[in-house]
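A.B. asks: One structure is given below, represented as structure tokens, and several questions about it will come after.
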Amino acid sequence: MTADTPSPALPPYMHRRGLMLVLSSPSGAGKTTIARRLLEQDDELTMSVSATTRAKRPGEVAGVDYHFTSLTEFDLMVNQGKLLEYAKVFDNYYGTPREPVEQALAGGRDVLFDIDWQGTQQLKEKARDDLVSIFILPPSARELERRLTSRAQDSQAEIAKRMSKASNEMSHWAEYDYVIINNDVDSSVAKAHAILTAERLVRRRQVGLSEFVKGLQAGV
Ligand SMILES: Nc1ncnc2c1ncn2[C@@H]1O[C@H](COP(=O)(O)OP(=O)(O)OP(=O)(O)O)[C@@H](O)[C@H]1O
Ligand SMILES: Nc1nc2c(ncn2[C@@H]2O[C@H](COP(=O)(O)O)[C@@H](O)[C@H]2O)c(=O)[nH]1
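For the sequence shown, the positions run 111 to 330 when our numbering is used.
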């Protein structure tokens with residue numbers, strides 16, 4: 111085949127099983143920043159938009175950053191089984207709506223989650239084979255506090271609360287498949303994307319490989 115001959119398309123029975131890519135970290139380490147950049151770079155990745163009872167921050171958009179709900183609405187979602195996982199984090203409830211995730215995965219798309227360790231444990235129990243988890247660490251405690259402060263979206267009391275919970279959150283780092291120390295954003299995004307690329311190539315995620323190889327063997 112010459113350089114300008116197009117490669118033959120793969121057979122239609124070959125497709126990829128979607129995966130669930132989870133980012134967790136202490137608040138302020140950089141999950142949202144990394145998630146946004148990954149979504150910009152990768153068309154096959156869809157963000158799971160969580161429901162939360164927390165108040166909207168300045169600049170946040172309902173339905174994009176979160177589905178902002180009352181406690182009553184959140185309880186209803188829980189009771190109707192509409193959440194794949196949920197947890198209380200910093201005195202508010204957060205949860206993952208089930209339907210959009212199931213639809214995306216069924217369509218062969220990958221889903222990105224920005225959730226805490228409690229949610230990750232619940233997803234792991236339900237779908238271990240489809241889950242890839244990354245824990246993001248800040249380069250130092252001082253830098254974590256600086257990031258929370260410079261984000262300028264939470265009160266001093268809220269920042270103090272998040273700093274006081276950071277140690278407990280970080281104690282779960284070893285439950286994750288991968289760890290990235292988020293010093294430089296570009297480098298962290300590149301690392302997260304490399305993980306995603308490699309995990310997509312895991313054998314069990316490539317449906318139809320056996321038939322494909324049989325076809326190759328028959329043709330040689
Ligand atoms: N590598 C980095 N270097 C410097 N600043 C960063 C880096 N990564 C993120 N930031 C900044 O740190 C602040 C917190 O980041 P971000 O909101 O992404 O954290 P988060 O982990 O999603 O927090 P939360 O759990 O509270 O949602 C933001 O102002 C962001 O721009
Ligand atoms: N278990 C879940 N945790 C979630 C979900 N959505 C967000 N989060 C986590 O909450 C904290 C605080 O978020 P913030 O936006 O108020 O700063 C952070 O650790 C998120 O990862 C969810 O659906 N389930």
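Each residue gets a CB set at the ideal place from its N, CA and C atoms; glycine is no exception.
Ligand 1 and residue 142: does any heavy atom of the ligand fall closer than 8 Å to the residue's C-beta?
C.D. replies: In the sequence shown, residue 142 corresponds to position 32, counting from 1. The answer is yes for residue 142.
A.B. asks: For the region 224 to 274, which segments carrying the beta strand (DSSP E) assignment without a break, of at least 3 residues, lie completely within its bounds, in sequence order?
C.D. replies: Runs found: 241 to 247.
A.B. asks: Let me check understanding here. Comparing Cα to Cα, which of 292, 125, 268, 159 lies closest to residue 209?
C.D. replies: Your numbering for residue 209 matches position 99 in the sequence shown. The option with the nearest alpha carbon to residue 209 is 159.
A.B. asks: State the Cα-Cα distance for the pair residue 318 and residue 122, rounded to the nearest angstrom.
C.D. replies: Against the sequence shown, residue 318 aligns to sequence position 208. Against the sequence shown, residue 122 aligns to sequence position 12. C-alpha separation (whole angstroms): 9 Å.
A.B. asks: Can you grab the Cα-Cα spacing for the pair residue 250 / residue 237, in whole Å?
C.D. replies: Stepping through the sequence shown from its first residue, residue 250 is reached at position 140. Stepping through the sequence shown from its first residue, residue 237 is reached at position 127. Residue 250 and residue 237: Cα-Cα distance of roughly 33 Å.
A.B. asks: For the region 128 to 146 and the region 294 to 305, state whether three or more C-beta atom pairs, one from each stretch, are separated by less than 8 Å.
C.D. replies: Enough Cβ pairs lie closer than 8 Å, so yes.
A.B. asks: Take residue 311 as the anchor and find which of 214, 120, 129 has the nearest alpha-carbon.
C.D. replies: For the purposes of this step, residue 311 is taken as residue 201 along the sequence shown, with counting starting at 1. The shortest C-alpha separation from residue 311 is found at 129.
A.B. asks: According to DSSP, is residue 166 helix, strand or coil?
C.D. replies: Here residue 166 refers to the residue found at position 56 when the sequence shown is read from its first residue. In this structure, residue 166 counts as coil in the three-state DSSP scheme.
A.B. asks: Straight-line CA distance for residue 180 to residue 166?
C.D. replies: For this step, residue 180 is matched to residue 70 along the sequence shown. For this step, residue 166 is matched to residue 56 along the sequence shown. The straight-line gap from Cα to Cα measures roughly 12 Å.
A.B. asks: Among 189, 329, 284, 288, which one has its Cα closest to the Cα of residue 309?
C.D. replies: To locate residue 309, count along the sequence shown from 1; it is residue 199. Of the listed residues, the one whose Cα sits closest to residue 309 is 288.
A.B. asks: Give a yes or no on contact between the region 221 to 240 and the region 185 to 205, applying the rule of three or more CB pairs nearer than 8 Å.
C.D. replies: Contact between the region 221 to 240 and the region 185 to 205 is present, because at least three Cβ pairs lie under 8 Å.
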